[in-house]
Amino acid sequence: MDDILSEPCEKTFCPFGAICESDGGEGRCRCPDEEECPPPLPPPSHALAPAASPPDSRVPAPPPGHMSTQVCGTDGETYASECLLRVRACRRPQLRLRVSHAGACGE
Numbered sequence: 001m002d003d004i005l006s007e008p009c010e011k012t013f014c015p016f017g018a019i020c021e022s023d024g025g026e027g028r029c030r031c032p033d034e035e036e037c038p039p040p041l042p043p044p045s046h047a048l049a050p051a052a053s054p055p056d057s058r059v060p061a062p063p064p065g066h067m068s069t070q071v072c073g074t075d076g077e078t079y080a081s082e083c084l085l086r087v088r089a090c091r092r093p094q095l096r097l098r099v100s101h102a103g104a105c106g107e
């Protein structure tokens, strides 16, 4: 009886950024599309301002690890967002791609 009422995706592991979807009582993994990713956040306005001007405190920096901020992948590539890295990781699992650190590679 528990199996009838349970969510199939609770028992399905989807590696490398895949998304579990319930399909006829079974959990199936699929790779997300780039269009499903939230748009990358623009850099804070102080990042674009000349060095002499103070940062614009009205534009808060996104929190670390936010899905719309740049990340460096273990492949040495900079991704506009963690979501976009996950899309690539899912489509090319042989890369075993993960987030190396927040921010652009080389920072």
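FYI, in UniProt numbering the residues of the sequence shown are 1 to 107. For every residue, glycine included, the Cβ atom is placed at its ideal position computed from N, Cα and C. Please read these numbers as outputs of a predicted model, since none were measured by experiment.
The criterion of a C-beta distance shorter than 8 Å is satisfied by Cys31 and Ala18. Rounded to the nearest whole angstrom, the C-alpha separation of Ala89 and Leu95 is 7 Å.
Shortest Cα-Cα distance from Phe13 to any of Asp23, Ser22 and Cys29 involves Cys29. For Glu82, no beta strand (DSSP E) run applies; the uninterrupted alpha helix (DSSP H) run containing it begins and ends at Glu82 to Arg91, by DSSP. Taking each of Val99, Arg92 and Pro93 in turn and checking the Cα distance to Glu77, the smallest one comes out for Val99. In this structure, the straight-line span from the alpha carbon of Cys72 to that of Glu7 is close to 34 Å.
Taking all protein chains in view, the Cβ of Arg86 is crowded by 16 or more other Cβ atoms within 10 Å, so the residue is classified as buried. Secondary structure of Glu34 (DSSP, three-state): helix.
If you check the CB distance, Ala102 and Thr69 come in under 8 Å.
In the DSSP assignment, Ser22 falls within the unbroken beta strand (DSSP E) covering Ile19 to Asp23.
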